[in-house]
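Reviewing the structure listed below.
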Amino acid sequence: MGFLKRLFCWIAGVFLLIFGSLMGLGFWLKSKLPNSPKVALLRVEGTIVSADEILKRLKKVEEDKSIKALVLRVNSPGGAVGASQEIYRELKRIREEYKKPVVVSMGNVAASGGLYISLPANVIFAEGGTITGSIGVLIQKVEVKKLADKIGVEVKVIKTGKFKDILNPFRELTPEEREYLLRLERDVLEQFKEGVEENRKGKLKVEVDQIADGRILTGRQALKIGLIDRLGNLEDAVAEAGKLAGIEGKPTVVELKKEQPLMKRLLGAGLKGWKFFDSSTTIGVYYLMY
183 MGFLKRLFCW IAGVFLLIFG SLMGLGFWLK SKLPNSPKVA LLRVEGTIVS
233 ADEILKRLKK VEEDKSIKAL VLRVNSPGGA VGASQEIYRE LKRIREEYKK
283 PVVVSMGNVA ASGGLYISLP ANVIFAEGGT ITGSIGVLIQ KVEVKKLADK
333 IGVEVKVIKT GKFKDILNPF RELTPEEREY LLRLERDVLE QFKEGVEENR
383 KGKLKVEVDQ IADGRILTGR QALKIGLIDR LGNLEDAVAE AGKLAGIEGK
433 PTVVELKKEQ PLMKRLLGAG LKGWKFFDSS TTIGVYYLMY
């Protein structure tokens, strides 16, 4: 038994030594390669519930001097307002402070928050059938009062202010509370509209209020009113980013993906769960196509 244990440790040690050597060699070879200008590709897919991972990858765009432009591939119906605004702000920083062009390629859906994060781009591409628009705000409140009454459950809430449990699912909203939430939504909607007006200034052919009622638009309709710039696919967006960055010929594209822990990469564990809202955004305000 002792011999087998020693043999296993020896084999494991040799494996780690070889693996470490190969990793070191790879990093060394990478450092010797010419630092040719690149276009970074970052994908935003699904409901936006957190900005953390996307912001990490955007920082790479800012810090890597070989990255001359960014293509943001958006396939999202939107999501949490705060997270969408964080992404929006960082994209503006890349374009204005770091002077790196940003080009958006809309996929099947780039609506509400998906549209909002696209606004800082130099150029926005979409296909004719892309679903975009949905400029609006929603707050969700689940009510289970009738169910609770039926099964004999009563919830007592002790609160410090009349609005403290405004989204309590065990009671209905009062008219005053409903008006309070509408005022909050109007403020957040104004921020969305300001983003449209600022970034599509001179391009938008209609008043923002005409399309800020939650309506969805096809890519072709959005192009007609100046909400996007061109019809085209991801390849068109990459070519445009290279052109704006002054890269000659076909640009080298580096895709920025979420970094996996070393052991997860070694073991090939690629399973991931799907959650519509995470624990930090169960209750909130959303730029979301519903």
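Numbering of the sequence shown is given in our numbering, commencing with residue 183 and proceeding in unit increments. For every residue, glycine included, the Cβ atom is placed at its ideal position computed from N, Cα and C. A quick note: this is a predicted structure, and the numbers were derived from the prediction, not measured.
Buried/exposed call for residue i, threshold 16 Cβ in 10 Å
{"i": "residue 411", "result": "buried"}
{"i": "residue 243", "result": "buried"}
{"i": "residue 340", "result": "exposed"}
{"i": "residue 307", "result": "buried"}
{"i": "residue 364", "result": "exposed"}
{"i": "residue 218", "result": "exposed"}
{"i": "residue 467", "result": "buried"}
{"i": "residue 439", "result": "exposed"}
{"i": "residue 272", "result": "buried"}
{"i": "residue 267", "result": "buried"}
{"i": "residue 295", "result": "buried"}
{"i": "residue 289", "result": "buried"}
{"i": "residue 316", "result": "buried"}
{"i": "residue 261", "result": "buried"}
{"i": "residue 220", "result": "buried"}
{"i": "residue 193", "result": "exposed"}
{"i": "residue 431", "result": "exposed"}
{"i": "residue 397", "result": "exposed"}
{"i": "residue 328", "result": "exposed"}
{"i": "residue 282", "result": "buried"}
{"i": "residue 231", "result": "buried"}
{"i": "residue 333", "result": "exposed"}
{"i": "residue 401", "result": "buried"}
Residue i versus residue j: straight-line alpha-carbon distance, rounded
{"i": "residue 362", "j": "residue 370", "result": "13 Å"}
{"i": "residue 330", "j": "residue 342", "result": "24 Å"}
{"i": "residue 254", "j": "residue 309", "result": "15 Å"}
{"i": "residue 276", "j": "residue 423", "result": "13 Å"}
{"i": "residue 314", "j": "residue 356", "result": "34 Å"}
{"i": "residue 200", "j": "residue 246", "result": "30 Å"}
{"i": "residue 345", "j": "residue 305", "result": "43 Å"}
{"i": "residue 335", "j": "residue 351", "result": "12 Å"}
{"i": "residue 226", "j": "residue 311", "result": "19 Å"}
{"i": "residue 407", "j": "residue 385", "result": "8 Å"}
{"i": "residue 323", "j": "residue 399", "result": "27 Å"}
{"i": "residue 264", "j": "residue 381", "result": "19 Å"}
{"i": "residue 326", "j": "residue 360", "result": "17 Å"}
{"i": "residue 241", "j": "residue 269", "result": "11 Å"}
{"i": "residue 358", "j": "residue 237", "result": "38 Å"}
{"i": "residue 426", "j": "residue 419", "result": "10 Å"}
{"i": "residue 349", "j": "residue 249", "result": "45 Å"}
{"i": "residue 319", "j": "residue 235", "result": "24 Å"}
{"i": "residue 297", "j": "residue 421", "result": "21 Å"}
{"i": "residue 256", "j": "residue 392", "result": "24 Å"}
{"i": "residue 375", "j": "residue 394", "result": "7 Å"}
{"i": "residue 228", "j": "residue 299", "result": "13 Å"}
{"i": "residue 451", "j": "residue 279", "result": "With a pLDDT of 44 at residue 451, under the threshold of 50, the modelled position of this residue cannot be trusted, and the question is left open."}
{"i": "residue 429", "j": "residue 403", "result": "32 Å"}
{"i": "residue 293", "j": "residue 303", "result": "15 Å"}
Beta-bridge partners of residue i, as assigned by DSSP
{"i": "residue 230", "result": "261"}
{"i": "residue 436", "result": "222"}
{"i": "residue 398", "result": "315"}
{"i": "residue 468", "result": "262 and 320"}
{"i": "residue 248", "result": "Bridge partners of residue 248: none, in fact."}
{"i": "residue 413", "result": "308"}
{"i": "residue 255", "result": "225 and 287"}
Integer Cβ distance of residue i from residue j, believed to fall under 8 Å
{"i": "residue 413", "j": "residue 287", "result": "That belief does not hold up - the Cβ atoms of residue 413 and residue 287 are roughly 11 Å apart, past 8 Å."}
{"i": "residue 379", "j": "residue 388", "result": "The pair is not a contact, with the Cβ atoms about 12 Å apart (cut-off 8 Å)."}
{"i": "residue 285", "j": "residue 258", "result": "17 Å between Cβ atoms; not a contact."}
{"i": "residue 436", "j": "residue 222", "result": "6 Å"}
{"i": "residue 321", "j": "residue 367", "result": "6 Å"}
{"i": "residue 377", "j": "residue 470", "result": "No, residue 377 and residue 470 are not in contact; Cβ-Cβ is about 16 Å, not under 8 Å."}
The ligand ADP heavy atom lying under 7 Å from the CB of residue i
{"i": "residue 357", "result": "Although the ligand ADP was asked about, the structure shown includes no ligands whatsoever."}
- Task: Counting only runs of 4+ residues fully inside the region 292-321, write out the alpha helix (DSSP H) ranges in chain order.
- Result: Counting only runs of at least 4 residues, the region 292-321 fully encloses the following alpha helix (DSSP H) elements, listed from N- to C-terminal order: 295-298.
- Going along the chain, which unbroken runs of the alpha helix (DSSP H) with 4 or more residues stay wholly within the region 350-396? Listed in chain order, they are 357-381 and 390-393.
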